[in-house]
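This report concerns only the one structure given below.
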Amino acid sequence: ALRRRRVFQVSKKPSNAAIFLISFLTYLIGIFPSMVYALPAGGTVQAGSATIDSSSSQLMTIYQTTDKAIIDWQTFDIESAEHVDFQLSQGGVTLNRVTGNDPSNIFGKLTSNGDLWLINPNGILFGNSAQVDVHGLIATTSDISNTDFMNGNYNFSIPSSLASTVVNQGSITAAEGGLIALVAPGVQNMGIITARLGKVSLASGKTFTVDLYGDQLINLGVDSQVMGQVTGMDGQVLTSLV
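Structure follows, in structure tokens:
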């Protein structure tokens with residue numbers, strides 16, 4: 002019995018295995034935030050011409066040399082101290098599609114001198130420290146085929162299989178006359194959205210079309226429309242923007 006009690010006594014000097022385990026867990030805890038909210042990763046250009054420069058640890062620059070480009074990403078996250086910048090020709094559009102299983106968490110700077118489209122069927126969060134400054138922005142959980150996009154048929158006809166949301170808690174600014182559209186089954190704006198002489202669309206739906214070069218209207222698919230899921234800072238439904 003005495004021998005058994007000694008087995009369960011705690012040694013004042015931790016074993017090498019215990020030291021290794023504690024150190025390893027501390028290491029994981031220390032790097033976990035960067036693992037979750039790092040710069041966009043796994044980018045591959047699917048159409049058009051673009052170069053991804055990720056040589057800096059906190060700045061990623063995408064140089065696009067065609068009017069349109071499609072980039073598929075495994076993840077698209079931006080930490081508060083990070084900056085992702087898209088350099089396009091005037092009137093250019095970049096379609097960014099997340100193919101991984103995680104939602105996008107944007108807490109840093111996202112800039113573009115062209116139109117930036119971000120697709121993530123798992124959801125998109127612009128956190129309270131997010132600063133988005135672009136010519137125009139579409140953030141949605143619905144997808145569009147590469148062929149339709151490259152041909153100028155902006156029909157987001159591929160709905161997400163999830164009840165995902167697009168949430169803005171930060172600052173989103175479009176250039177003069179630009180379009181800002183947040184479209185998902187659930188949309189919530191608790192931040193600031195600015196589009197001087199442009200259009201802002203907070204739309205609840207699974208499929209939609211957009212007229213980018215005409216009146217910039219967002220047209221929801223009637224069959225997939227989900228009303229009453231666009232809310233403002235106070236949680237009230239924003240029917241005027243649906």
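Using our numbering, the letters of the sequence shown map in sequence onto residues 2 to 243.
Think of the CB as a built atom: it goes at the ideal place given N, C-alpha and C, for glycine as much as any other residue.
Just so we're clear, the structure is a prediction, and the values are computed from it rather than from any experiment.
*Taking only the alpha-carbon atoms, compute the straight-line gap between Gly171 and Gly128 and give it to the nearest angstrom.*
Each residue's Cα considered, the two are about 5 Å apart.
Would you decide whether Leu198 is buried or exposed? Buried here means 16 or more other CB atoms lie within 10 Å of its CB.
The residue in question, Leu198, is exposed, as its Cβ has fewer than 16 Cβ neighbours within 10 Å.
Who are the Cβ neighbours of Gly124 in its own chain at under 6 Å, not counting the five residues just before and after it? These residues qualify, in order along the chain: Pro104, Ser165 and Thr166.
Q) Which one or two residues does DSSP pair with Ala48 in a beta bridge? A) When DSSP reads this structure, Ala48 sits in a beta bridge with Ile71.
CB of Gly71 within 7 Å of CB of Phe87, strictly: One point to set straight first is that residue 71 is Ile, not Gly, in the sequence displayed. Against a cut-off of 7 Å, the Cβ pair of Phe87 and Ile71 comes out as no contact.
> Three-state secondary structure (DSSP) at Phe157?
Replying inline: In this structure, Phe157 counts as strand in the three-state DSSP scheme.
**OP:** Please list, in chain order, all residues of the same chain as Thr174 whose beta carbon is under 6 Å from its beta carbon, the five residues on each side excluded.
**Re:** Cβ within range, chain order: Asp134 and Thr195.
Q: Apply the 10 Å Cβ neighbour rule to Ser113 and answer buried if 16 or more other Cβ atoms are within range, or exposed otherwise.
A: Ser113 comes out buried.
_Expected contact under 8 Å - CB spacing of Ser158 and Pro186 to nearest Å_ = Not a contact, Cβ separation roughly 15 Å.
Worksheet item: Counting along the chain, where does the beta strand (DSSP E) carrying Phe127 start and finish?
Response: That run of the beta strand (DSSP E) goes Ile125 to Phe127.
Within 7 Å, strictly: CB atoms of Gly179 and Gly137 = Taking 7 Å as the Cβ cut-off, Gly179 and Gly137 qualify as a contacting pair.
- request: From the DSSP output, in three-state form, read off Val201 for me.
  value: Here Val201 sits in strand by DSSP.
Candidates Ile193, Gly192, Ser90 and Phe209: closest to Ser146 by CA position
Nearest option by C-alpha distance: Phe209.
query: Three-state secondary structure (DSSP) at Phe87?
result: Annotated three-state conformation of Phe87 is strand, per DSSP.
ask   = Can you round the beta-carbon distance between Ala42 and Gln75 to whole angstroms, since I take them to be within the 8 Å contact cut?
value = That belief holds up - the Cβ atoms of Ala42 and Gln75 are roughly 5 Å apart, short of 8 Å.
Where Gly109 and Thr148 are concerned, what is the direct C-alpha to C-alpha distance, given to the nearest angstrom? Taking the straight line joining both Cα atoms gives about 31 Å.
Who are Gly109's beta bridge partners in DSSP? Per DSSP, none; premise fails for Gly109.
#### Entry: Opening and closing residue of the beta strand (DSSP E) in which Asp134 lies
That run of the beta strand (DSSP E) goes Gln132 to Val135.
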